[in-house]
Amino acid sequence: MDEIEFRKRVDSDPDNIDQELLNAAASNPELQAIIDRSRHLNSKLHSLAQATTAPESLKARLLEIPEQEDGQARPPRRAVFFQYYAAAACLLLAVAVGLLMSGEQGPTAGEIAFGEQVIEHLYHEAAELDAINAGNLQRSFGMPAINQVMANSGSRFGSGEIFSTMPVRYANPCLVANPYNSSHLIVQTEQGAINILTIDNSPVSQEFSIGDERFSGIIIPMNGGNLIIVGEKNQNLDGYRNSFENQLEWII
Amino acid sequence: MSDSPVLHGSNKRQRYESLVDQLYQDVFRYALWVCKNQPMAEDLVQETFLRAWRSLDSLENDKAAKAWLFTILRRENARQYERYRPELVDIEGQSIADAGDQEPDQRMERQLLLSAIKRLDQEYREPLLLQVIGGFSGKEIAEIMDLNNNTVMTRLFRARSKLKQDFGVDAEEVD
């Protein structure tokens, strides 16, 4: 065995050096020095790796998971998708009736289709919404994590003030509608969970309402992209709109 | 093989609690290296254990529990963040290096080692961290990373060679 092969076998796993290598090193000080140096580095690596410890609060949160999951009334997946298709038909009807009543020029077919995709996306996250509404999802994202997620859609919240009374229980970068990068926050309000989505583009150029038998919300075109606020049908979102619209900043 | 947890208890809840008790520290440490940010690491660990709870019945061999959890974490990280995550300001690196009571020389040494690890290409850093934090064998790392064993061993060798070079171990006297 040449020295390169010896080094390779030692350095690939210094904690488990096989007997053949140890025997070779026993009669060769240079090879023994290779082993010693490798073990020396490894002990420093282990020391560095073990230097951090997880907070106790994390363990407590992990141990709560079974209880949260068991207490969650989760519809079977098949039922969720059935709900969606039924909901999509209702959405089209609601938009059409709304336009007829208002007499205004309404959203284009593409914009309506986009609204449907937003609603579909919400059903994918229904488990989280249900868990938050049931009080079973209590985690709270801090501003650094929130803005990491918001960066996916080229946006950020300049101040965390808004979230002091409305904790963010869910934050995820996502693709609501390919190819638009989106960020999805679910905040807990006095009225229950509300979805805040931002899109790094403007698939919708005029404001219009979306909704179905469960959800109700609005798509708001802004200078940097689209802001979408959607809650359960019985929620009044008027009070939240200004807060989110005013504090949202577009960074690209 | 890595230290294998013994999942105590006969029902799912007890097995899960045993899993958390024995492995959450290692899972968190790995998550912190992956995320470089404590809040995100905690969320990633939470998602990992949530998915573990949901599919705990599929874990037939307790000895594979640790590798199973790390695999879930890597997939969850890729799913949630990897494609989208902007370059993070590494605020946790400092705290990793500063952790514990240390003399200034030791603190400096840790910071140098930390910097050297960060400078490794991801393909070398990842198996190294799985070995050092997870205690996994080359074979286990190969399974977690979906690589063959020889590739893993070569990457581990190159990772340590680069660290020695950057960290100056080959030049120094060993105690």
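Here the protein sequences come in this chain order: R and A. FYI, the numbering for the first sequence is 1 to 252, going by this note's numbering. FYI, the numbering for the second sequence is 1 to 175, going by this note's numbering. Ideal Cβ positions, reconstructed from N, Cα and C, are used throughout, including at glycine.
Counting only Cβ pairs nearer than 8 Å, list the residues of chain A close to D13 (chain R). Q131, S137, G138, M153, L156
Exposed or buried, R54 (chain A), counting other C-beta atoms within 10 Å across all chains shown (16 or more means buried)? exposed
Which residue comes first and which comes last in the alpha helix (DSSP H) that contains T189 (chain R)? No alpha helix (DSSP H) contains T189 (chain R), which is instead part of the beta strand (DSSP E) from 180-189.
Between which two residues does the beta strand (DSSP E) harbouring N226 (chain R) extend? 226-232
Burial state of I251 (chain R), where buried means 16 or more other Cβ atoms lie within 10 Å: exposed
Show which residues of chain A have a CB atom less than 7 Å away from the CB atom of P179 (chain R). Ordered by position in chain A, no residue passes the 7 Å Cβ test against P179 (chain R), which lies about 13 Å from the chain.
Is the beta carbon of A159 (chain A) sitting closer than 8 Å to the one on L113 (chain A)? no
Determine the contact status of M166 (chain R) and T198 (chain R), defining contact as a CB-CB distance below 8 Å. no
What in chain A is Cβ-close to F141 (chain R), meaning under 8 Å? P39, D43
May I ask you to report which of helix, strand or coil DSSP gives V254 (chain R)? The structure shown does not extend to residue 254 (chain R), since chain R is modelled only from 1 to 252, so the question has no answer here.
Name the residues in the segment 107-141 of chain R whose C-beta lies less than 9 Å from a C-beta of chain A; which are they? R139, F141
Counting only C-beta atoms, is Q280 (chain R) closer than 8 Å to chain A at any point? Examination of residue 280 (chain R) is not possible in this model, given that chain R is present from 1 through 252 alone.
In three-state DSSP terms, what is R158 (chain A)? helix
Does the beta-carbon of K66 (chain A) have 16 or more other beta-carbons within 10 angstroms, so that it is buried, or is it exposed? buried
Report yes if the C-beta distance between L156 (chain A) and S12 (chain R) is below 8 Å; otherwise report no. yes
Neighbouring residues, chain A, relative to I65 (chain R) (Cβ below 8 Å): Y16, Q46, F49, L50, W53
Would you mind reading off the limits of the beta strand (DSSP E) that contains T198 (chain R)? 192-199
Name the residues in the segment 57-74 of chain A whose C-beta lies less than 9 Å from a C-beta of chain R; which are they? none
Which word fits I4 (chain R), buried or exposed, when buried means at least 16 other C-beta atoms lie within 10 angstroms of its C-beta? exposed
Report the rounded CA-to-CA distance for Y24 (chain A) versus S209 (chain R), giving the unit in angstroms. 44 Å
Start and end of the alpha helix (DSSP H) containing S47 (chain R)? 29-49
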